[in-house]
Amino acid sequence: SAPRSDPEEPRISAYACQRRTPLDHLNKIFTDASEVLAENAEFSESEGRGLAFRKAGSVLRSLPFAVSRMEDLRGVPCLGEHSRKIIQEILEDGVSGEVEGVLRSERYRAMKALTGVFGVGVKTADRWVREGLRTPGDLLTSGHRLSREQEAGVRYYEDLNCPVTRAEADAIGEIVKEAVHSILPGARVTLTGGFRRGKEAGHDVDLLITHPEEGKEEGLLGKLTSWLDSQGVLLYQRVSEGSGGRGRESGPMDHFHRSFSILKLGEQPGAPPGPPQPGASSAGQTQEAASPRGQGGAQGRGWRAVRVDLVICPYSQFAYALLGWTGSQQFERDLRRFASQERDMSLNSHGLYQREQVRTPPPPHCISESSPPLSLSLSLSSPPL
Ligand code: ATP
Ligand code: MN
Ligand code: MN
């Protein structure tokens, strides 16, 4: 192939969706550093800085060569001054002093530990850190009031921070498939998220559920989670009702019926988890504890807790939902940015829309407090392609 200085050489795209991003890549030492700096920025709610480090990590992941000198980065997009400085530091010293400093800092460590609890976001973690809390264990002794979600997060802390393997994801998929098929024969269950991208491990299992006959999927989520609950498999869930994909869909978040849940996975992948505990069959009420400090963890207990996202979508939106839930987050972000900036279209997990109408001046009656933002209401009035 042509030397890197060849002006004819195709430039690396600034859109992640136009770059190959293999699972294994050659610049881990640099992407690990950007990951830490991105997290640290997000922990101080510096979204812009966080995004810059995420973009830098994403482009470094796509390079087909290991960066060994600064000249290698000539023409590489998405690398700001700060990212380049970090790379240079690593090239010269083997490590970045700034990254090492972050990793050692008490605040970063505490934020990392506390946001690692399911149901705890940056704002809450920050408040707790300022109150002197450092670990999930501190939450139990401090007597802080926890939401139902956070309580589950603390109870299953060890399990939920132990990566889910591909075999475990498949086993969860089988459990859910069996449940879905007993409720609605012909329904389709698809493993999405990182596992669909070929990852060997993940933080959760993402399952997209649909039925080829549009409309049959309605009401499925409630029946599915009741079934799982009756089997003693549902340890926790938070349902997001959305509109089932039938309302005005806008924004980056989708509007499908979904359940952010924690399921119980038995000892052998695919094996039933055993009879439900008497009086403990209702989600969130299970008394067995996987304490973050005690003898928690799957060892010796015979089962483990796994985070599962269950998403129901109408068949006509399945392609978009599958695309949207496959990730990676950076790929999705740039695919949507590409649609909007390069094609004047709007993409989300429900469809791809023309945006020409956006430029049309609005009829006066559209401007009212009850109307959604104009560009959205107009852009979404055109049917999906
Ligand atoms: P991991 O292995 O850590 O789970 P992942 O790529 O599967 O990595 P997830 O957080 O499970 O990450 O999300 C998978 C994809 O689903 C994301 O890339 C995102 O595009 C999409 N997604 C996640 N949550 C939502 C949401 N609330 N609304 C719309 N899309 C979402
Ligand atoms: Mn996932
Ligand atoms: Mn997920």
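Using this note's numbering, read the sequence shown as starting at -19 and increasing by one per residue. Ideal Cβ placement from N, Cα and C applies to all residues, glycine included. All figures in this text were calculated on a predicted structure; none of them were measured in a lab.
- Asp186 sits buried, since 16 or more C-beta atoms from the chains shown fall within 10 Å of its C-beta.
- Rounded to the nearest whole angstrom, the C-alpha separation of Gly112 and Arg128 is 22 angstroms.
- Between Pro192 and the set Leu290, Thr145, His183 and Ala167, the nearest pair of CA atoms involves Ala167.
- Under the DSSP definition of a beta bridge, Leu332 partners with Leu327.
- According to DSSP, Ile(-8) shares a beta bridge with no other residue.
- Counting the other Cβ atoms within 10 Å of the Cβ of Pro2 gives fewer than 16, which makes it exposed.
- Per DSSP, the continuous beta strand (DSSP E) segment holding Gln217 begins and ends at Leu214 to Ser220.
- Secondary structure at His183: coil, using DSSP grouped into helix, strand and coil.
- In the assembly as shown, Lys244 is a buried residue. Its beta-carbon has 16 or more other beta-carbons within 10 Å.
- Leaving aside the five residues that flank Ala46 on each side, the residues in its chain whose CB is nearer than 7 angstroms to its CB run, in chain order, Leu6 and Asn7.
- Scanning Gln(-2), Arg287, Ala32 and Leu302 for the CA closest to the CA of Ala181 turns up Arg287.
- Relative to ligand 2, Asp150 has its C-beta separated by 7 angstroms or more from all heavy atoms.
- With the rule of 3 Cβ pairs closer than 8 angstroms, the stretch 143 to 160 does not count as touching the stretch 114 to 126.
- Taking a 10 Å sphere around the C-beta of Lys65, we find fewer than 16 other C-beta atoms and assign the residue as exposed.
- Boundaries of the beta strand (DSSP E) around Ala285: Trp283 to Ile292.
- The DSSP-derived three-state label of Gly246 is strand.
- If you check the CB distance, Leu43 and Thr170 do not come in under 8 angstroms.
- When rounded, the separation of the alpha-carbon atoms in Phe23 and Leu119 is 19 angstroms.
- In the DSSP assignment, Arg135 falls within the unbroken alpha helix (DSSP H) covering Arg128 to Arg135.
- For Asp184, the Cβ falls inside the 7 angstroms cut-off from some heavy atom of ligand 3.
- Straight across, the Cα-Cα distance linking Ala36 with Ser210 is about 46 angstroms.
- Residue pairing by DSSP puts Ile189 in a beta bridge opposite Val169 and Ile292.
- Ser308 places its beta carbon less than 8 angstroms from that of Arg177.
- At least one heavy atom of ligand 3 sits closer than 7 angstroms to the Cβ of Asp289.
- A Cβ-Cβ distance of about 5 angstroms is found for the pair Glu194 and Tyr295, placing them in contact under the 8 angstroms criterion.
- Listed in chain order, the non-local C-beta contacts of Ser326 below 7 angstroms within the same chain comprise Ala319, Ser320, Tyr333, Arg335 and Ser359, local neighbours out to five positions each way being set aside.
- Where Ala93 is concerned, the enclosing alpha helix (DSSP H) starts and stops at Glu86 to Thr95.
- Between Met91 and the set Val82, Val109 and Gly77, the nearest pair of CA atoms involves Val109.
- Shown here for Leu53: same chain residues with a beta carbon closer than 8 angstroms to its own, the five before and five after excluded, namely Val47, Leu59, Arg64 and Ile67 in chain order.
- Separation of the CB atoms of Trp207 and Ser162 is rounded to 7 angstroms, and the pair is thereby assigned contact status at 8 angstroms.
- Residue side-chain check: Gly195 keeps its Cβ at 7 angstroms or more from all non-hydrogen atoms of ligand 3.
- For Leu204, the enclosing alpha helix (DSSP H) covers residues Leu200 to Ser210.
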